[in-house]
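As structure tokens, the structure follows; a few thoughts come after it.
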Amino acid sequence: MRSPAVRHVLTHLITPLLMCIGMGLAYMGAFVTPEPHHLPVAVVGTTPQAKVFAQTVKDGAGDKLDVRTVATRADAVDLLKSRDVTGAYVPSAHTPELLVAGAASDMGATAVERVFTPVAAEHGVPLKVTDVAPPVADDPTGQGLFFLLIALSIGSYASVAALGAAGAGLAMRVRALLVLGVSAVVGGIGALLAGPVFHLAHHDLAGVWGMAWLYSAGILFVGVGLHTFLKRWTTLTMMLLFVMLNFTSSGGLFRPELQNGFFGTLHAFWNGAGFVEGIRSLLYFGDDGLARSVWTLVIWLLVGLLVTGVAALYERPRRARHAAGHGESAPQPASVPVPARPSSVPAPARSAAEEGTEAESAARSAAEIEEEVEETVGV
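Position one of the sequence shown corresponds to residue 7 (this note's numbering), numbered consecutively onward.
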């Protein structure tokens, strides 16, 4: 391709085309065909009949279900509230009951209902479904937290362009302070959306803000640190880490038991899953499992701080060379007199070519920064 302008455009089209492929593979791979994989359920009862029934359900479902028996209905409720099982079936000749926790996963509750409704129908009785941990009325499917995750993620990774590209001339410590401020603002926006605006959270708004801040700060520190090395490819990398792999493994729509092994494995340690499960623990399950989710977010924040620290060390000698090249070295000691230049000898003038080259370089750098910011925010 001979035209530099066309070549420039084609180069910039690589990123959106790779995003198209990545988003298609990630979203369709994670969401298009949800199927139970070792979905944990319980059957209430310790009699031989209950154990035979549980084994029959297990044999019929194969690897789709992991079936256990519990002694009492109260034990089943405890397992649901600790999210150790997705549903619990209470056999009865007249009024069989299915216990679910809708706040843990609306899709999971629907999946176990589909499993046990035909079982009750075989005995000619209707199935009673009881939700022991329903979501708030303002968020009937419990999926509002997933969309809150999306809002926080976009606010975080889009800010990386401004802090990493437009702020490239700032010292890393200044960018790090800006990251702390921006993540606090993003967390505050998240708390406002979850509380006063959409009423997803009816209590513990301070905890929601704290987890949103941790989540956002982790993303921002990772992104600002990576930008030092990846430059304009940071956008694609951030999309891969915090959209393609993050949203799909968060459990906001489908819990890991309804996904393939890849996304189910990511759910165990990815930051989006830590945020969603942590907020669920805070709002619906009496803080059960909250500590683990908080530690997940803290580890991601520590990884971000490590990446940023490495970037700062990498930038230090480059900044020193840049300063030396522009005459910003230390001044001469005051005790050494500097003779005045005779007025008859003019200072060496910089050539117009040199000034033009520097101006062109500065303009090109500014244009590249603007392109990167627009590309990232546009996504």
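Heads up, the beta-carbon is just placed ideally off N, CA and C, and yes, glycines get one too.
Which partner residues of residue 394 appear in the DSSP bridge assignment? Because residue 394 is not part of the residues shown, which for the chain are 7 to 385, the question remains open.
Minimum C-alpha distance to residue 173 - residue among 129, 279 and 229: Working through the sequence shown from its first residue, we reach residue 173 at position 167. The shortest Cα separation from residue 173 among 129, 279 and 229 belongs to 229.
Between 8, 32 and 9, which has its C-alpha nearest residue 246's C-alpha? One-based indexing of the sequence shown puts residue 246 at position 240. Taking only the C-alpha atoms, the option nearest residue 246 is 32.
Checking the sheet assignment: what are the DSSP bridge partners for residue 75? Position 69 of the sequence shown, counted from the first residue, corresponds to residue 75. Paired residue(s): 49.
Assuming residue 157 and residue 186 make a contact with CB atoms under 8 angstroms, what is their CB distance in whole Å? What you label residue 157 is simply residue 151 of the sequence shown in a count that begins at 1. What you label residue 186 is simply residue 180 of the sequence shown in a count that begins at 1. That belief does not hold up - the Cβ atoms of residue 157 and residue 186 are roughly 20 angstroms apart, past 8 angstroms.
So which of 268, 205 and 82 has the shortest CA-CA distance to residue 138? To locate residue 138, count along the sequence shown from 1; it is residue 132. That would be 82, whose Cα lies nearest to the Cα of residue 138.
Starting from the C-beta of residue 290, find all residues in its chain whose C-beta is less than 6 angstroms away, skip the five residues before and the five after it, and write them out in chain order. As a working mapping, residue 290 is identified with position 284 in the sequence shown. These residues qualify, in order along the chain: 109 and 139.
Whole angstroms is fine: what's the gap from residue 84's alpha carbon to residue 118's? Position 78 of the sequence shown, counting from 1, holds the residue named residue 84. Position 112 of the sequence shown, counting from 1, holds the residue named residue 118. If I take the Cα positions, the gap works out to 17 angstroms.
Range covered by the beta strand (DSSP E) that runs through residue 96: What you label residue 96 is simply residue 90 of the sequence shown in a count that begins at 1. That run of the beta strand (DSSP E) goes 93 to 96.
Suppose you measure from the CA of residue 231 to the CA of residue 244; what does that come to, to the nearest Å? Working through the sequence shown from its first residue, we reach residue 231 at position 225. Working through the sequence shown from its first residue, we reach residue 244 at position 238. Distance between the alpha carbons of residue 231 and residue 244 is about 11 angstroms.
As assigned by DSSP and simplified to three states, the class of residue 342: Taking the sequence shown and counting its residues from 1, one reaches residue 342 at position 336. The pLDDT assigned to residue 342 is 49, lower than 50, so where the model puts this residue is not dependable; a value taken from the coordinates is nonetheless given after this. In this structure, residue 342 counts as coil in the three-state DSSP scheme.
Return the chain-ordered list of same chain residues with a C-beta closer than 8 angstroms to the C-beta of residue 277, the five sequence neighbours on each side being excluded. Within the sequence shown, the letter at position 271 stands for residue 277. Contacts found: 221, 224, 225, 248, 252, 302, 303 and 306.
Residue 56, DSSP secondary structure in three states: Here the question's residue 56 lines up with position 50 in the sequence shown. Helix, per DSSP.
Please tell me whether residue 106 and residue 73 are closer than 9 angstroms, where the distance is taken between their beta carbons. In the sequence shown, counting from the first residue as 1, residue 106 sits at position 100. In the sequence shown, counting from the first residue as 1, residue 73 sits at position 67. For residue 106 and residue 73, no; Cβs fall outside 9 angstroms.
Span of the alpha helix (DSSP H) around residue 16: Residue mapping note: residue 16 aligns to position 10 of the sequence shown, counting from 1. For residue 16, the uninterrupted alpha helix (DSSP H) run begins and ends at 10 to 37, by DSSP.
Looking at the structure shown, is residue 66 part of a helix, part of a strand, or coil, going by DSSP? Numbered from its first residue, the sequence shown carries residue 66 at position 60. Residue 66: helix per DSSP, three-state reduction.
Can you list, in chain order, the residues of its chain with a C-beta nearer than 6 angstroms to that of residue 123? Leave out the 5 residues immediately preceding and following it. Residue numbering aside, residue 123 sits at position 117 when the sequence shown is read from its first letter. These residues qualify, in order along the chain: 133.
Please tell me whether residue 182 and residue 219 are closer than 9 angstroms, where the distance is taken between their beta carbons. Position 176 of the sequence shown, counted from the first residue, corresponds to residue 182. Position 213 of the sequence shown, counted from the first residue, corresponds to residue 219. No, the Cβ-Cβ distance between residue 182 and residue 219 is not below 9 angstroms.
Please state whether DSSP places residue 227 in a helix, a strand or coil. By 1-based counting over the sequence shown, the position of residue 227 is 221. Of the three classes helix, strand and coil, the one that applies to residue 227 here is helix, per DSSP.
Looking at the unbroken alpha helix (DSSP H) that takes in residue 121, where does it start and where does it end? Along the sequence shown, one-based indexing puts residue 121 at 115. First-last of the alpha helix (DSSP H) with residue 121: 112 to 128.
If you drop the 5 nearest sequence neighbours on each side, which residues of the same chain put their C-beta closer than 7 angstroms to that of residue 194? Here residue 194 corresponds to residue number 188 of the sequence shown, with the count starting at 1. So the qualifying residues of the chain are 215.
Could you give the DSSP three-state label for residue 323: helix, strand or coil? By 1-based counting over the sequence shown, the position of residue 323 is 317. Correct three-state label for residue 323: helix.
Leaving out five residues on either side along the sequence, give the residues of the same chain with a beta carbon under 6 angstroms from the beta carbon of residue 8. By one-based count along the sequence shown, residue 8 stands at place 2. Counting only Cβ-Cβ distances below 6 angstroms, and skipping sequence neighbours, we find nothing.
Determine the closest residue to residue 99 out of 59, 268 and 210, with distance taken between C-alpha atoms. Stepping through the sequence shown from its first residue, residue 99 is reached at position 93. Comparing Cα positions, the closest option is 59.
Considering just the uninterrupted stretch of the alpha helix (DSSP H) at residue 179, what are its terminal residues? As a working mapping, residue 179 is identified with position 173 in the sequence shown. Element bounds for residue 179: 178 to 198.
Comparing C-alpha positions only, which one of 211, 178 and 20 sits nearest to residue 285? Stepping through the sequence shown from its first residue, residue 285 is reached at position 279. Considering only alpha carbons, the answer is 211.
In terms of alpha-carbon separation, which member of 319, 19, 22 and 10 lies closest to residue 179? Counting from one through the sequence shown, the residue named residue 179 turns up at place 173. Among 319, 19, 22 and 10, the Cα nearest to that of residue 179 is on 319.
Compare the C-beta of residue 219 against all C-beta atoms of chain B and say whether one is closer than 9 angstroms. Checking the listed chains, one finds no chain B in this structure; it contains a single protein chain.
Buried/exposed call for residue 217, threshold 16 Cβ in 10 Å: By 1-based counting over the sequence shown, the position of residue 217 is 211. Classification of residue 217: buried, given that the 10 Å Cβ count is 16 or more.
Have a look at residue 61 and residue 20 and give me their C-alpha separation to the nearest angstrom. Residue mapping note: residue 61 aligns to position 55 of the sequence shown, counting from 1. Residue mapping note: residue 20 aligns to position 14 of the sequence shown, counting from 1. Rounded to whole angstroms, residue 61 to residue 20 spans 53 angstroms at the Cα level.
Is the beta carbon of residue 63 sitting closer than 9 angstroms to the one on residue 47? Reading the sequence shown from its first residue, position 57 is the one you call residue 63. Reading the sequence shown from its first residue, position 41 is the one you call residue 47. Yes.
Return the chain-ordered ranges of every alpha helix (DSSP H) run that is complete within the region 212 to 271 and spans a minimum of 4 residues. 240 to 245 and 252 to 255
Use the C-beta contact count for residue 13: other C-beta atoms within 10 angstroms, 16 or more gives buried, fewer gives exposed. The residue you call residue 13 lines up with position 7 of the sequence shown. Under this definition residue 13 is an exposed residue.
Shortest alpha-carbon distance to residue 115 belongs to which of 298, 79 and 264? Locating residue 115 in the sequence shown gives position 109, where the first residue counts as 1. Closest by alpha carbon: 264.
Cutoff 8 angstroms; reference residue 90; Cβ partners in own chain excluding five residues on either side: Walking along the sequence shown from the start, residue 90 turns up at place 84. Correct list, in chain order: 46.
Buried versus exposed call for residue 65 [16 or more other C-beta atoms within 10 Å across all chains shown]: Taking the first residue of the sequence shown as 1, we reach residue 65 at position 59. Counting Cβ neighbours within 10 Å, residue 65 comes out exposed, since fewer than 16 surround it.
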